[in-house]
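Residue numbers (my numbering), protein chains in the order written: chain H, 129 to 437; chain C, 129 to 437. Notes to accompany the following structure.
There are 2 protein chains.
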Amino acid sequence: MSFISNLITVIKEKKSVVCMGLDPQLEGVNRIPECLIEQYNNPNDIILNFNKELIEKTYDLIPIIKPQIAFYEKYDALNALKETIKFAHKKDLLVLLDSKRNDIGATSEAYAFSNYEVFNADACTINAYLGYDCIKPFLQYENKGKFILVKTSNPSSKDFQDLFSLNLENISNEEYEIAIDKLNPDLKLKRNYIQMAELIQKWGVNLERYNDYHNLGIVAGATFPEELKILRKIVKNSFILIPGFGAQGATAKDVKYGFNQEGLGAIVNSSRGITYAYVNNKFKPEKFADAAKNEIKRMNLEIKKEINL
Amino acid sequence: MSFISNLITVIKEKKSVVCMGLDPQLEGVNRIPECLIEQYNNPNDIILNFNKELIEKTYDLIPIIKPQIAFYEKYDALNALKETIKFAHKKDLLVLLDSKRNDIGATSEAYAFSNYEVFNADACTINAYLGYDCIKPFLQYENKGKFILVKTSNPSSKDFQDLFSLNLENISNEEYEIAIDKLNPDLKLKRNYIQMAELIQKWGVNLERYNDYHNLGIVAGATFPEELKILRKIVKNSFILIPGFGAQGATAKDVKYGFNQEGLGAIVNSSRGITYAYVNNKFKPEKFADAAKNEIKRMNLEIKKEINL
Numbered sequence: 129m130s131f132i133s134n135l136i137t138v139i140k141e142k143k144s145v146v147c148m149g150l151d152p153q154l155e156g157v158n159r160i161p162e163c164l165i166e167q168y169n170n171p172n173d174i175i176l177n178f179n180k181e182l183i184e185k186t187y188d189l190i191p192i193i194k195p196q197i198a199f200y201e202k203y204d205a206l207n208a209l210k211e212t213i214k215f216a217h218k219k220d221l222l223v224l225l226d227s228k229r230n231d232i233g234a235t236s237e238a239y240a241f242s243n244y245e246v247f248n249a250d251a252c253t254i255n256a257y258l259g260y261d262c263i264k265p266f267l268q269y270e271n272k273g274k275f276i277l278v279k280t281s282n283p284s285s286k287d288f289q290d291l292f293s294l295n296l297e298n299i300s301n302e303e304y305e306i307a308i309d310k311l312n313p314d315l316k317l318k319r320n321y322i323q324m325a326e327l328i329q330k331w332g333v334n335l336e337r338y339n340d341y342h343n344l345g346i347v348a349g350a351t352f353p354e355e356l357k358i359l360r361k362i363v364k365n366s367f368i369l370i371p372g373f374g375a376q377g378a379t380a381k382d383v384k385y386g387f388n389q390e391g392l393g394a395i396v397n398s399s400r401g402i403t404y405a406y407v408n409n410k411f412k413p414e415k416f417a418d419a420a421k422n423e424i425k426r427m428n429l430e431i432k433k434e435i436n437l
Numbered sequence: 129m130s131f132i133s134n135l136i137t138v139i140k141e142k143k144s145v146v147c148m149g150l151d152p153q154l155e156g157v158n159r160i161p162e163c164l165i166e167q168y169n170n171p172n173d174i175i176l177n178f179n180k181e182l183i184e185k186t187y188d189l190i191p192i193i194k195p196q197i198a199f200y201e202k203y204d205a206l207n208a209l210k211e212t213i214k215f216a217h218k219k220d221l222l223v224l225l226d227s228k229r230n231d232i233g234a235t236s237e238a239y240a241f242s243n244y245e246v247f248n249a250d251a252c253t254i255n256a257y258l259g260y261d262c263i264k265p266f267l268q269y270e271n272k273g274k275f276i277l278v279k280t281s282n283p284s285s286k287d288f289q290d291l292f293s294l295n296l297e298n299i300s301n302e303e304y305e306i307a308i309d310k311l312n313p314d315l316k317l318k319r320n321y322i323q324m325a326e327l328i329q330k331w332g333v334n335l336e337r338y339n340d341y342h343n344l345g346i347v348a349g350a351t352f353p354e355e356l357k358i359l360r361k362i363v364k365n366s367f368i369l370i371p372g373f374g375a376q377g378a379t380a381k382d383v384k385y386g387f388n389q390e391g392l393g394a395i396v397n398s399s400r401g402i403t404y405a406y407v408n409n410k411f412k413p414e415k416f417a418d419a420a421k422n423e424i425k426r427m428n429l430e431i432k433k434e435i436n437l
């Protein structure tokens, strides 16, 4: 079964577009409660039990989870990642592995294999700075989901993604000078993130669609609602993974531009805001999963005021 | 000790700028010889023994190795990666982990930790599409090396990296129309890879230098010698990791532009071309390490005809 058709089905069933990000941390303010850290004596067990309790309590309220592989690498706890994905699948949750992998040829094939086969993720994130060579091996897995970075939620995404660029296809270095001469107000300069979105739209044009959407999605941060509005029109057939809700400051009003009139077209991720909700509210640390459930309900209600799901 | 000062020291000692890429594969034409696959019964042992034999035979001819983490992920053999790095360090080799990680905030911190602390790499590759937020946590590890993707060696690197872009710093959406009006032949449009290189030059401007070089390097493919020549002038203080030699078709004449007059400024990677040299020459499969040694000698001689090391 295709990732996107499964996703749309569960979104409609559960009436929720909330994606729970699983970014396990053992130190800092936002972290796994002490009681769990004391109960289990290694990162793999601590993280797996934290994730399982979160999933057990919330699986009927969310269509999908998004583990961020960096944290599992940090704690040498890739086994916890694998077991978390297995457990999530048992609960009929979809799994989007946030890995932002990027390479070419056999290396990119190896990454696609590792994301989809070793970790058994239903979808993953990709960085396409390297161009089509990078995403081709992922597209070979027709039924799996891909979300390519376009406009990320961080402040310095402007450094590069917001530069104005001009697509003068296949121009040679020798033609460079001529191109400069041709520049005039009629030439449409576009920011890099727009160029990236247009590439993705082109790459996805022949992919099979379900409810108008195919398996090649994009990432666009809720922290940039104006850009999200523009992107929604360019990648008409792409689901948008929207990070930046909650902890990074974006609200339901900011994410609404990602959705169509039936409330489809995007999923909204919150990681710290959900899993460490216990830190900032009335729940005791040992009730972290109840705090997460509570936050998901709140977040979902807030979003559904803005979209027609 | 700083990565770059160590690198320069061993380059001078060994009179070699060859980087051996360790991309273990168990299937296809370019793969680990059958005899090793039969001798050991799991990917971790097969890969580790392959790598150890290669390192044992070649460590005195190369300053650095570059394991590509994707293949270790593919075979669920991250333990082989860790043990390979440990073994390489015992042989006084530097290790550049090719991971192309990219993220923001706590996630980017987790990746930096995993590359430098969990795997204990001396340097790693980074994709900076997300801007400065992405590389900042890596820069916190002052003594470690970082190589940011600029112009990659693959054909479709043109898709995005070769677009012409214009850095109109901090321009707002409202100012967009005005910017278009201002366009005239005097405005210098630059390709994206040039913009990326200029960002990196700026990010590295205050870093400590050894022999004119700091720990913030770039990646620029040997398959694009003209671009390499241009980049060498922009990132004056960056070492360049040059992939694309050998299997991807580039020669010593193509890589020479990465070097200064003392033969410093770059390392030249070959992966398949070295480790699977036995496939295309007179060596028997069980003599793969001798074939690799032979190829490194040949490659180093060829490069040294073009640079003054």
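By construction, the Cβ of each residue, glycine as well, lies at the ideal position given by its N, Cα and C atoms. In this text, all values refer to a predicted model and were calculated from it rather than measured experimentally.
Residue nearest to residue i in terms of C-alpha spacing, selected from the options
i: Tyr203(H); options: Lys410(C), Phe241(C), Ile192(C) and Tyr404(C); result: Phe241(C)
i: Lys330(C); options: Ile263(C), Glu181(C) and Asn436(C); result: Ile263(C)
i: Gly156(H); options: Gly233(C), Ile165(C), Ile183(C) and Ile213(C); result: Gly233(C)
i: Thr280(H); options: Asp287(H), Val347(H), Asn365(H) and Phe266(H); result: Val347(H)
i: Leu206(C); options: Leu222(C), Val246(C), Arg229(C) and Glu181(C); result: Val246(C)
i: Ile160(C); options: Val145(C), Lys140(C) and Glu181(C); result: Glu181(C)
i: Asn365(H); options: Leu392(H), Ala350(H) and Glu141(H); result: Leu392(H)
i: Ala350(C); options: Tyr321(C), Glu434(C) and Lys384(C); result: Lys384(C)
i: Ala249(C); options: Asn255(C), Leu258(C) and Tyr239(C); result: Tyr239(C)
i: Ser227(H); options: Ser236(C), Lys425(C) and Val223(C); result: Ser236(C)
i: Asn339(H); options: Glu354(H), Arg360(H), Asn388(H) and Leu359(H); result: Asn388(H)
i: Ser285(H); options: Pro265(H), Lys433(H), Arg319(H) and Leu258(H); result: Arg319(H)
i: Lys361(H); options: Phe373(H), Ile328(H) and Ala378(H); result: Ile328(H)
i: Ile431(H); options: Ala208(H), Ile213(H), Gly374(H) and Lys274(H); result: Gly374(H)
i: Asp290(H); options: Asp418(H), Ile276(H) and Ile322(H); result: Ile322(H)
i: His217(C); options: Pro191(C), Ile165(C) and Asn230(C); result: Pro191(C)
i: Leu150(C); options: Leu224(C), Val138(C), Asp231(C) and Ile165(C); result: Leu224(C)
i: Lys415(C); options: Val138(C), Glu162(C), Thr137(C) and Met148(C); result: Glu162(C)
i: Pro413(H); options: Ile165(H), Ser293(H), Ile139(H) and Met148(H); result: Ile165(H)
i: Leu359(H); options: Phe292(H), Pro283(H) and Gly386(H); result: Gly386(H)
Same chain, Cβ closer than 8 Å to residue i, neighbours up to 5 away in sequence not counted
i: Tyr168(H); result: Ile174 and Asn177
i: Ile441(H); result: No statement about residue 441(H) is possible, as the shown extent of chain H runs from 129 to 437 and does not include it.
Within chain D, partners of residue i - CB distance below 7 Å
i: Met324(C); result: Considering every chain present, this structure includes no chain D. Its protein chains are H and C.
Per-residue DSSP class, three states only, for residue i
i: Leu108(C); result: The first residue shown for chain C is 129 and the last is 437, placing residue 108(C) beyond what the model contains.
i: Ala394(H); result: strand
i: Ile358(H); result: helix
i: Val246(H); result: helix
i: Tyr338(H); result: strand
i: Ile190(H); result: coil
i: Leu221(H); result: coil
i: Val146(H); result: strand
i: Arg319(C); result: strand
i: Ser293(H); result: strand
i: Ile160(C); result: coil
i: Asp276(C); result: The sequence given here places Ile at residue 276(C); Asp does not occur at that position. Reduced to three states, the DSSP call for Ile276(C) is strand.
i: Leu182(H); result: helix
i: Leu258(C); result: coil
Inter-residue spacing [alpha-carbon to alpha-carbon] between residue i and residue j
i: Glu141(C); j: Glu201(H); result: 35 Å
i: His342(H); j: Leu335(H); result: 6 Å
i: Met324(H); j: Val278(H); result: 6 Å
i: Arg408(C); j: Leu437(C); result: As written in the sequence, residue 408(C) is Asn, which differs from the Arg given in the question. About 29 Å.
i: Ile183(C); j: Ala380(C); result: 23 Å
i: Pro171(C); j: Asn179(C); result: 12 Å
i: Asn134(H); j: Ile193(H); result: 14 Å
i: Lys210(C); j: Gly332(H); result: 38 Å
i: Pro313(H); j: Gln268(H); result: Note that Pro313(H) scores 41 on pLDDT, short of 50, meaning its location in the model is unreliable; the coordinates nonetheless yield the value given after this. Roughly 41 Å separates the two Cα atoms.
i: Leu221(C); j: Glu270(C); result: 20 Å
Residues of its chain near residue i, where Cβ-Cβ distance is below 7 Å and the 5 sequence neighbours each way are ignored
i: Glu423(H); result: Gly401, Ile402 and Ala405
i: Ser272(H); result: For the record, residue 272(H) in the displayed sequence is Lys; it is not Ser. Within the same chain, Lys272(H) has close Cβ partners Phe131, Tyr244, Asp250, Ala251 and Asn343.
i: Arg337(H); result: Asn365
i: Gly345(H); result: Gly273, Lys274, Phe275, Ser366, Phe367, Ile368 and Leu369
Spatial neighbours of residue i in its chain, beta-carbon cut-off 6 Å, leaving aside the 5 residues before and after
i: Lys428(C); result: According to the sequence shown, residue 428(C) is Asn rather than Lys. Cβ within range, chain order: Ser144 and Val146.
i: Lys421(H); result: Lys185 and Thr186
i: Glu355(H); result: Lys279
i: Val138(H); result: Pro191
message = Under 7 Å, CB to CB, which of the residues in the stretch 359–370 of chain C have a partner in chain H?
response = none
Near-chain C residues of the stretch 249–278 of chain H - C-beta to any C-beta below 9 Å = Asn255, Ala256, Tyr257, Leu258, Gly259, Tyr260, Asp261, Cys262, Lys264 and Leu277
query = Given a limit of 7 Å on CB to CB distance, which residues of the stretch 164–184 of chain H reach chain C?
reply = none
request  = Could you name the residues of the stretch 397–418 of chain C whose beta carbon sits closer than 7 Å to any beta carbon of chain H, in the order they occur along the chain?
outcome  = none
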